[in-house]
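Participant: Let me begin by handing over the structure; questions about it come next.
Protein chains: 2
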Amino acid sequence: MNEFDYINKYFKPLTGNIGRNLKDDAAVFKQNANKDLIISTDTLVEGVHFFGTEHPADIAKKSLRVNLSDMASMGAKPLFYNLSLSIPKNKVDFFIPNFCKGLKEDQEIFNLELIGGDLTSSPSHINITITIFGQTRTGTSISRSGAKNGDFLFVSGVLGLSKIGLDNFNKTSNHLSIAQKKYLIPQPRVSLGLLLNNVANSMIDISDGLIQDATHLAVNSGLCIHLDLDKIPIPHIQNVTNNLLLESALYGGDDYELLFSCNQDQEQLIKKISKEVNIKITKIGNFDIYEDKFLKFKNNSEIPKNKSYLHF
Amino acid sequence: MNEFDYINKYFKPLTGNIGRNLKDDAAVFKQNANKDLIISTDTLVEGVHFFGTEHPADIAKKSLRVNLSDMASMGAKPLFYNLSLSIPKNKVDFFIPNFCKGLKEDQEIFNLELIGGDLTSSPSHINITITIFGQTRTGTSISRSGAKNGDFLFVSGVLGLSKIGLDNFNKTSNHLSIAQKKYLIPQPRVSLGLLLNNVANSMIDISDGLIQDATHLAVNSGLCIHLDLDKIPIPHIQNVTNNLLLESALYGGDDYELLFSCNQDQEQLIKKISKEVNIKITKIGNFDIYEDKFLKFKNNSEIPKNKSYLHF
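Heads up: the protein sequence lines correspond to chains R and E, in order.
Residue numbers are given in our numbering: position 68 of the first sequence equals residue 446, and the series is strictly consecutive.
Residue numbers are given in our numbering: position 123 of the second sequence equals residue 501, and the series is strictly consecutive.
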């Protein structure tokens with residue numbers, strides 16, 4: 379099978395009207411005057427973002443979900459995506475059918491369609507780039523820069539689980555399986571993001587650890603975040619110390635929880651939304667005027683040195 | 379410098395309003411009810427699509443231009459693009475500043491802006507994925523499927539030059555330099571594509587050789603193309619035989635000329651458009667009812683076996 383055969387057999391069934399059956403040089407999207415189109419791209423590289431030993435269907439889901447998480451953090455409804463897959467020839471036969479199976483399953487869960495992309499060979503490792511498209515009413519997407527002095531800072535779910543899963547990925551242990559699963563297939567907070575659209579005034583998804591992503595909100599809003607270390611929601615995992623979990627929460631990546639600010643008046647509404655989507659939401663700090671630091675711990679201790687993952 | 383430093387120093391200056399200074403998780407594009415958004419993706423892999431010894435600014439231009447060519451073939455006006463760059467750590471210092479210089483130069487020529495993307499490390503080779511966005515009036519983009527029985531088939535420019543450039547890329551020879559340059563930095567026919575928007579009824583850009591791309595038009599339009607071999611525009615290159623040039627035209631890739639159909643009545647208009655953009659346009663065949671083959675040579679000889687590049 380050559381690339382056209384693979385495209386026809388495995389990728390074409392994932393498309394709808396916008397992708398024009400992958401028959402043309404481009405996809406065609408009819409615009410709507412009352413909407414903004416929200417566009418984001420994430421790349422996953424074998425050996426950097428995933429091991430390569432994962433099942434291709436799981437790699438597909440992770441690739442889609444890290445992108446879906448960006449739609450969630452903008453408060454946008456995901457619509458469709460395109461995909462570039464570069465893959466060594468000897469991996470094609472097994473990888474592509476299973477990868478597309480994973481895409482299909484997640485397309486159904488998140489109501490998505492494929493609109494196009496590129497399929498090429500690669501001299502060594504697999505490289506996956508997805509550009510995802512979502513929509514909001516005009517002017518209602520949530521930036522990183524809208525927090526106001528006095529706002530509360532909230533976070534969804536628990537933090538640090540994914541990093542524990544990554545560090546113990548090849549261990550067989552029942553009490554680690556929930557962490558391994560969270561690392562393998564994250565849960566983007568799409569429904570929560572949509573409900574926060576008129577509530578949160580700044581938002582980000584935590585992909586690089588709480589410290590780094592909270593700093594993005596503080597810097598872009600020009601404020602200081604007072605972070606309450608004691609309130610950071612960490613999971614309980616047998617044989618893993620709370621200190622290690624807290625370090626994972628602060629500096630580990632791949633949590634894909636939503637971190638957001640809103641006016642103090644909205645606290646009751648946040649509780650209601652939390653119940654509605656059945657996702658824990660925790661108040662972990664508040665915004666203050668910037669003086670000398672973008673991030674302070676409430677007990678006034680120093681913020682540990684940034685240990686978040688850097689590519690270069 | 380880490381990836382945030384590179385993004386701030388080199389990529390942020392390439393952005394405008396839509397990319398929100400790369401500060402948010404996604405770009406935001408305000409839709410227009412009278413327009414279609416046209417979306418296409420092309421990936422260039424080091425060792426597959428380029429050698430890696432080219433100057434990074436030239437690699438940047440090629441990456442943008444192969445994408446621009448897809449906008450041209452849809453009859454769309456290019457607007458903006460996003461970029462995913464995966465690159466080995468030891469190449470970052472030299473590659474990124476020069477790559478961004480090339481992007482900037484072409485952004486000015488083609489009136490484009492960067493709206494976002496992803497920058498990651500790579501264990502070995504460079505992988506570049508660009509998604510490009512263009513616009514047409516609603517419902518006016520040009521598909522591959524609109525040719526009608528009796529239509530003429532036209533092609534812009536000359537064919538085969540790029541393949542000769544590729545095959546002789548490392549030779550130092552004056553008479554090969556035009557071919558090498560065409561391979562290195564293609565010339566997407568954006569202005570021509572826009573002028574053909576109300577004229578051509580099917581169009582494709584020739585990236586995989588004339589035979590393969592003409593077949594796409596024929597198959598998708600459900601017709602047979604009678605191709606006049608004697609009319610195919612090939613360049614004159616000293617010391618390169620016409621036979622080799624014709625073979626390059628038929629099966630070589632990377633020409634990025636426009637191949638399109640239109641009603642016979644439009645032939646005079648095509649000549650006028652050709653003069654306006656100062657690009658040679660040649661009638662090389664016509665469309666007929668499909669009987670047993672999608673492609674026939676006018677002298678009834680057999681079409682040579684497909685030798686176009688395949689990734690798998």
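We put the beta carbon where it would ideally sit given N, CA and C, even for glycine.
Please report the straight-line C-alpha distance between GLY422 (chain R) and SER441 (chain R), rounded to a whole angstrom.
Facilitator: The identity of residue 422 (chain R) in the sequence shown is Leu, whereas the question assumes Gly. Whole-angstrom Cα-Cα distance: 7 Å.
Participant: Exposed or buried, ALA411 (chain E), counting other C-beta atoms within 10 Å across all chains shown (16 or more means buried)?
Facilitator: exposed
Participant: Just mark ASN386 (chain E) as buried or exposed, buried being the case when its beta carbon has 16 or more other beta carbons within 10 Å.
Facilitator: Exposed.
Participant: Which residues does DSSP list as the beta-bridge partners of GLU491 (chain R)?
Facilitator: R:PHE458
Participant: Counting only beta-carbon separations shorter than 8 Å, does PHE477 (chain E) have a partner in chain R?
Facilitator: It does not; no Cβ of chain R falls within 8 Å.
Participant: Kindly give me the distance between the Cβ atoms of CYS478 (chain R) and VAL577 (chain R), rounded to whole angstroms, as I take these residues to be in contact under 8 Å.
Facilitator: That belief does not hold up - the Cβ atoms of CYS478 (chain R) and VAL577 (chain R) are roughly 37 Å apart, past 8 Å.
Participant: Measure the C-alpha to C-alpha separation of LEU623 (chain R) and ASN677 (chain R) and round it to an integer number of angstroms.
Facilitator: Roughly 19 Å separates the two Cα atoms.
Participant: Taking DSSP as the reference, what is the three-state secondary structure of MET452 (chain E)?
Facilitator: helix
Participant: Could you tell me the boundaries of the beta strand (DSSP E) in which GLN646 (chain E) lies?
Facilitator: No beta strand (DSSP E) holds GLN646 (chain E); the alpha helix (DSSP H) holding it covers 645-655.
Participant: Kindly list, in the order they appear in chain E, the residues whose Cβ is closer than 8 Å to that of TYR384 (chain R).
Facilitator: PHE690
Participant: Would GLU424 (chain E) be called buried (16 or more neighbouring beta carbons within 10 Å of its own) or exposed?
Facilitator: buried
Participant: Is THR509 (chain E) close to chain R? Criterion is C-beta to C-beta, closer than 8 Å.
Facilitator: yes
Participant: Give the list of continuous alpha helix (DSSP H) stretches no shorter than 4 residues that lie fully inside the segment 503-560 of chain R.
Facilitator: 539-545
Participant: Out of R:ASP436, R:PRO501, R:PHE488 and R:LEU446, which one is the CA nearest neighbour of PHE473 (chain R)?
Facilitator: R:ASP436
Participant: Would you mind telling me which residues of chain E sit closer than 7 Å to ILE610 (chain R), beta carbon to beta carbon, in chain order?
Facilitator: Per Cβ cutoff of 7 Å: no residues; ILE610 (chain R) is ~21 Å from chain E at best.
Participant: Excluding the 5 residues preceding and the 5 following SER464 (chain R) in the sequence, name in chain order all residues of the same chain whose CB lies nearer than 6 Å to its CB.
Facilitator: THR498, SER500 and ASN505
Participant: Suppose only complete runs of 4+ residues qualify. What are the alpha helix (DSSP H) ranges in the segment 382-454 of chain R, listed by chain order?
Facilitator: Unbroken alpha helix (DSSP H) runs of no fewer than 4 residues, entirely contained in the segment 382-454 of chain R, are found at 434-452, following chain order.
Participant: Within the 8 Å Cβ cut-off, does ASN587 (chain E) reach chain R?
Facilitator: According to the sequence as given, residue 587 (chain E) is Gly; it is not Asn. False, the Cβ-Cβ gap to chain R never drops below 8 Å.
Participant: For VAL423 (chain R), which residues in chain E fall below 9 Å Cβ to Cβ?
Facilitator: SER464, THR498, SER499, SER500, PRO501 and ASN505
Participant: Tell me, please, whether the CB atom of ASN410 (chain R) is closer than 8 Å to any CB atom in chain E?
Facilitator: yes
Participant: Run through chain R and tell me which residues come within less than 8 Å of ASP448 (chain E), C-beta to C-beta.
Facilitator: In chain order: ASP403 and ALA404.
Participant: Taking 8 Å as the threshold (C-beta atoms), are PRO456 (chain R) and GLY512 (chain R) in contact?
Facilitator: PRO456 (chain R) is positioned such that its CB atom lies closer than 8 Å to that of GLY512 (chain R).
Participant: Rounded to the nearest angstrom, how far is the Cβ of ASP583 (chain E) from that of LEU636 (chain E), given a contact under 8 Å?
Facilitator: 6 Å between Cβ atoms; contact.
Participant: For ASP608 (chain E), count neighbouring C-beta atoms within 10 Å of its own C-beta (all shown protein chains included) and say buried if the count is 16 or more, exposed if not.
Facilitator: exposed
Participant: Please state whether the Cβ-Cβ distance between GLU491 (chain E) and PHE532 (chain E) is less than 8 Å.
Facilitator: Cβ atoms of GLU491 (chain E) and PHE532 (chain E): not closer than 8 Å.
Participant: What residues of chain C sit near LYS467 (chain R), judged by a beta carbon separation below 7 Å?
Facilitator: No chain C is part of this structure, whose protein chains are labelled R and E.
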